[in-house]
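Asks: Here you go, one structure.
Numbering (the UniProt record's numbering), first residue to last: 1 to 288.
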C-alpha cells in the first residue's frame, strides 16, 4: 500500500507477505498484536528489514489487505500529523476493506475525509493509477528481469562442465554396452545416467529480503514530478504538470525469452501482477 500527497511527499510503504498462522489462538493473537502477524522466528528477519528500509511489513495467511490493516494504515499516516484538526482528503478505491464501519468511524475521528473511486474508474480518477503505478510496476518488473538474467548467466556459466559430463557419460555407456551382457549393461547404464544426472535450470522465487528492497527502492525512485502529476491529471491541482515518462516500457527483453526457451521454461503469458512471488514458502515452518 502506497501513499503520497499532492506536494509529492511520499509515506513509507506498507508491504504485505504471506505468513503461516499459529495453531493456537493465544499465539495467533500474540503474533498479530506484537509481531505484525509473524511468528517469533520470522519476526526477527521482518523487524530487521523494517529498520533497514524504513517501511512497514505485515503478514497474514493469504497476504491480502483487510480492514484491520486499513485501520493501522490510517493510524500511522494521520493520527499524529501536524494540524490534526484540519480535514484531509484521502482517495481510496472501492475495496471492501477500506469501507467497513470501523474504518469509516476511525477516519472520521481523525478528520480524514474518504473519497471512494468508482469501480473500473481508478485509471482516470485515482492519482496512483493515473501516474504512479505504471513506472512503479515497471521498475519492479525490471528488478525481477535483472534477477532472472543473473540466474541464467550463472546457469550458462556451467555449460562447459555439463558438456564434459555428457561426453563422459556417452563414452561410459558405450563401454558398458560393449563389455557387459545385456542385463548387466542395462543396469550399468541406468546407474551411470543417475550418476551423471543433469540438473535443469530452476527459477528461484525472490524472498522477502529481495522483495522488500525492490518495493522500497522503486517507490523512492519515483520523482516528485511523477507524484504531483497524478493529482494534476485527475484535476485536483489547478496546473498542467504531468508525470515523467520514466520506465514506461514493460516488455521483457527478447534475450531473456530466448534463454528461457532454451531451458524449456518459456510458456504461457502471465500478467504483470503475477510475475513476482513473495518467496514465502518457508513460512510453513513458522512457530506454532
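Where is the CB? At the ideal position from N, CA and C, for every residue including glycine.
Which value, in whole angstroms, describes the spacing of the CA atoms of residue 169 and residue 199?
Replies: So the two alpha carbons sit approximately 14 Å from each other.
Asks: Count the C-beta pairs between the region 48-66 and the region 30-39 that are closer than 8 Å, then say yes if the count reaches three, no if not.
Replies: Segments in contact, yes.
Asks: Would you please state the rounded distance, in angstroms, between the beta carbons of residue 71 and residue 106? I believe it to be under 8 Å.
Replies: The pair is a contact, with the Cβ atoms about 6 Å apart (cut-off 8 Å).
Asks: Helix, strand or coil for residue 155, going by three-state DSSP, please let me know.
Replies: Three-state DSSP puts residue 155 in a helix.
Asks: Taking residue 290 and residue 226 to be in contact with their CB atoms under 8 Å, please state how far apart those CB atoms are, rounded to whole angstroms.
Replies: The structure shown does not extend to residue 290, since the chain is modelled only from 1 to 288, so the question has no answer here.
Asks: In the DSSP output, what is residue 56 paired with across the bridge?
Replies: Per DSSP, 14.
Asks: Should residue 97 and residue 66 be called a contact, given that it needs their Cβ atoms to be closer than 8 Å?
Replies: Result yes, Cβ atoms of residue 97 and residue 66 sit closer than 8 Å.
Asks: Compute the distance between the beta-carbons of residue 190 and residue 177, then report whether it is under 8 Å.
Replies: No, these two residues do not count as a Cβ contact at 8 Å.
Asks: Rank 63, 234 and 143 by C-alpha distance to the C-alpha of residue 126 and give the top, closest one.
Replies: If we check each option's Cα against that of residue 126, 234 comes out closest.
Asks: Note down, one range per segment and in chain order, each beta strand (DSSP E) of at least 3 residues found wholly within the region 64-93.
Replies: Segments of the beta strand (DSSP E) lying fully in the region 64-93: 88-92.
Asks: What are the boundary residues of the alpha helix (DSSP H) that residue 116 is part of?
Replies: Run containing residue 116: none in the alpha helix (DSSP H); it sits in the beta strand (DSSP E), 112-116.
Asks: When you measure from the CB of residue 164 to every non-hydrogen atom of the ligand FAD, does any distance come out below 7 Å?
Replies: Inclusion of the ligand FAD in the displayed structure is not the case, the ligand content being empty and no account of it being possible.
Asks: Count the CB pairs spanning the region 11-21 and the region 55-63 that are closer than 8 Å, and state whether there are at least three.
Replies: As far as the Cβ criterion goes, the region 11-21 touches the region 55-63, which means the pair count is three or higher.
Asks: Under 8 Å between the Cβ atoms of residue 46 and residue 87?
Replies: Contact flag unset, no.
Asks: Taking the alpha-carbon positions, what's the residue 289 to residue 3 distance?
Replies: With the chain represented from 1 up to 288, any question about residue 289 goes unanswered, as that position is not in the structure.
Asks: Please report the residue range of the alpha helix (DSSP H) in which residue 211 lies.
Replies: Where residue 211 is concerned, the enclosing alpha helix (DSSP H) stretches over 208-221.
Asks: Buried or exposed, going by whether 16 or more other CB atoms sit within 10 Å of the CB of residue 218?
Replies: By the neighbour-count rule (16 or more Cβ atoms within 10 Å), residue 218 is buried.
Asks: Would you list the residues sitting across from residue 4 in a DSSP beta bridge?
Replies: Bridge partners of residue 4: 10.
Asks: Under three-state DSSP, which class holds residue 227?
Replies: If DSSP states are grouped into helix, strand and coil, residue 227 belongs with the helices.
Asks: If I measure Cβ to Cβ from residue 143 and keep anything under 6 Å in the same chain, skipping five residues before and after, which residues do I get?
Replies: Same-chain partners within the cutoff: 214.
Asks: Specify the secondary structure class of residue 170 as computed by DSSP and reduced to three states.
Replies: Three-state DSSP puts residue 170 in a helix.
Asks: Look at the Cβ atom of residue 30, then the Cβ atom of residue 139, and state whether they are nearer than 8 Å.
Replies: Cβ atoms of residue 30 and residue 139: not closer than 8 Å.
Asks: So the candidates are 157, 124, 54 and 161; which of them puts its Cα closest to the Cα of residue 93?
Replies: Out of 157, 124, 54 and 161, 124 has the C-alpha closest to the C-alpha of residue 93.
Asks: Just tell me which of 82, 145 and 128 has its CA closest to the CA of residue 90.
Replies: Here the closest residue by C-alpha is 128.
Asks: Comparing alpha-carbon positions, which option in 64, 207 and 56 lies nearest residue 14?
Replies: Closest option to residue 14, Cα to Cα, is 56.
Asks: What separation, rounded to the nearest whole angstrom, lies between the Cα atoms of residue 261 and residue 153?
Replies: Cα-Cα distance, rounded: 14 Å.
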